[in-house]
Amino acid sequence: MLATAMLGVREVQQQRPGIAARLRQARAGDVRALARVMAAAFQDDPVFTWLIPDDSRRGAALERFFGIELHAVGLAQGSVWTRDDLAGASISTPPGRWKLPWPVLLAHAPGFARVFSARLPKGAALLQLMEWRHVRRPHHYFAYIGVAPTRQGQGIGRALMQPTLHRCDQARLPAYLEASTERSAALYERLGFVLIDELRLGGSPPLRLMLRPPRVTS
Ligand SMILES: CC(C)(COP(=O)(O)OP(=O)(O)OC[C@H]1O[C@@H](n2cnc3c(N)ncnc32)[C@H](O)[C@@H]1OP(=O)(O)O)[C@@H](O)C(=O)NCCC(=O)NCCS
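Under our numbering, think of the first position of the sequence shown as 31, with each following residue one higher.
If you want it as C-alpha cells, here you go:
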C-alpha cells in the first residue's frame with residue numbers, strides 16, 4: 031500500500047495494469063461526461079447538500095458546477111486526471127494556482143448564481159473562508175476528487191491522485207485538500223495526509239483541512 035502510494039504513474043502501470051493503464055489527463059471534450067460523473071459522486075456530499083438542499087435540483091446544479099470547475103480550475107489552471115472509461119476525476123492545481131482569479135470568478139458569476147440560487151451568499155462566504163484558511167506555502171491543491179457511485183471502493187480514487195502525489199514527492203512539495211467526510215479523510219490519511227485543522231461556516235458541516243508532507247523518494 032505504502033509502496034504503491036510512493037510510485038509514479040509509470041511504475042504503478044507496471045505493477046497494477048488493470049487500474050493504472052487506463053489513467054490519462056482529461057481533455058475539453060471530456061468535460062460534459064465528467065461533470066455528470068462528479069455530480070453523481072457528490073450528490074450526497076454533506077457540504078453540497080447544505081449548499082443545495084433541494085434534492086430534486088442538486089444533480090443538475092452540481093453538473094453545472096463541475097462543468098465550471100473542470101474547465102476553469104482543472105483544465106485552465108492545473109490538471110484533471112481521469113481514466114479512459116471516465117469513471118472519475120481528480121482536479122488539482124500546482125503551486126500558486128489554487129485561487130480562482132477574479133476575472134474568471136466574475137466571468138462565471140452567472141453560472142455560480144444558477145448553481146447555488148438563494149444560497150449563493152453562503153457559497154461565496156464558504157469559499158472565502160476556505161481561501162482565508164488555505165495553506166500559504168507552496169503546494170499542490172486537490173480541489174475535487176470524485177468517482178462514479180457504482181465504481182467507488184475499487185481503488186480508482188486513490189489511483190487518480192497518484193500522478194499529482196508523485197509530482198509532489200518529486201518536487202518535495204506538500205499536497206493540500208479539504209475533506210468533506212470522515213470516510214474520504216480516512217482514505218487521504220492512508221495516502222499520507224494529516225489533519226491540520228477543521229473549518230465550519232455557521233451551521234455548515236465540517237471541512238477537514240489536510241496536508242500531506244512530501245515523501246522522500248531518493
Ligand atoms: C472519496 C472518493 C473519491 C474515493 O474514491 P474511491 O475510488 O471510492 O476510493 P478507493 O477505492 O481508492 O479507496 C477506498 C476508500 O475511499 C473512501 N471511500 C470509499 N467510498 C467513499 C464514499 N462514498 N465517500 C467517501 N469516501 C469513500 C474510503 O476511505 C474507502 O476505504 P474503506 O472502503 O476502507 O472505507 C470516492 O469514494 C467519491 O467520489 N466519494 C464521493 C465524493 C467524495 O466524498 N469526494 C471527496 C470529497 S473530499
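Yeah, the Cβ is synthetic: ideal placement off N, Cα and C, and Gly gets one too. Quick caveat: nothing in here was measured; it's all calculated off a predicted structure.
Check: Check each candidate in 170, 209, 215 and 183 and name the one with the smallest Cα separation from residue 196.; Outcome: 170
Check: Measure how close the beta-carbons of residue 228 and residue 239 come, nearest whole angstrom, since I'm counting them as under 8 Å.; Outcome: 7 Å
Check: Among the candidates 149, 117, 161 and 141, whose CA atom is the shortest distance from the CA of residue 127?; Outcome: 161
Check: Could you tell me whether the stretch 124-142 touches the stretch 104-111, where touching means 3 or more Cβ pairs closer than 8 Å?; Outcome: yes
Check: Return yes when the C-beta of residue 75 is under 7 Å from any heavy atom of ligand 1, and no when it is not.; Outcome: yes
Check: Residue range of the alpha helix (DSSP H) that residue 153 falls in?; Outcome: 150-163
Check: Should residue 159 and residue 204 be called a contact, given that it needs their Cβ atoms to be closer than 8 Å?; Outcome: no
Check: Quick one: grab the DSSP three-state call for residue 122.; Outcome: strand
Check: Could you tell me the boundaries of the beta strand (DSSP E) in which residue 101 lies?; Outcome: Premise fails: residue 101 is in no beta strand (DSSP E) and is neither H nor E.
Check: So the candidates are 155, 111, 94 and 65; which of them puts its Cα closest to the Cα of residue 140?; Outcome: 94
Check: Output the distance between the C-alpha atoms of residue 53 and residue 188, rounded to the nearest integer angstrom.; Outcome: 11 Å
Check: What residues match up with residue 205 in a beta bridge as DSSP calls it?; Outcome: 170 and 242
Check: Within 10 angstroms of the Cβ of residue 111, are there 16 or more other Cβ atoms? Answer buried if so, exposed if not.; Outcome: buried
Check: Check the Cβ-Cβ distances between residue 123 and every residue of chain B, and say whether any is below 8 Å.; Outcome: You won't find chain B in this structure, because it holds only one protein chain.
Check: Alpha carbon to alpha carbon, how far is residue 193 from residue 114? Give it in angstroms, no decimals.; Outcome: 15 Å
Check: In the DSSP assignment, what residue or residues form a beta bridge with residue 79?; Outcome: Note: residue 79 sits in no beta bridge, so no partner.
Check: Would residue 249 and residue 150 be called neighbours here (beta carbons separated by less than 8 Å)?; Outcome: Since the first residue shown for the chain is 31 and the last is 248, residue 249 is missing from the structure and cannot be characterised.
Check: Can you tell me which of 102, 246 and 173 puts its alpha carbon nearest to the alpha carbon of residue 202?; Outcome: 246
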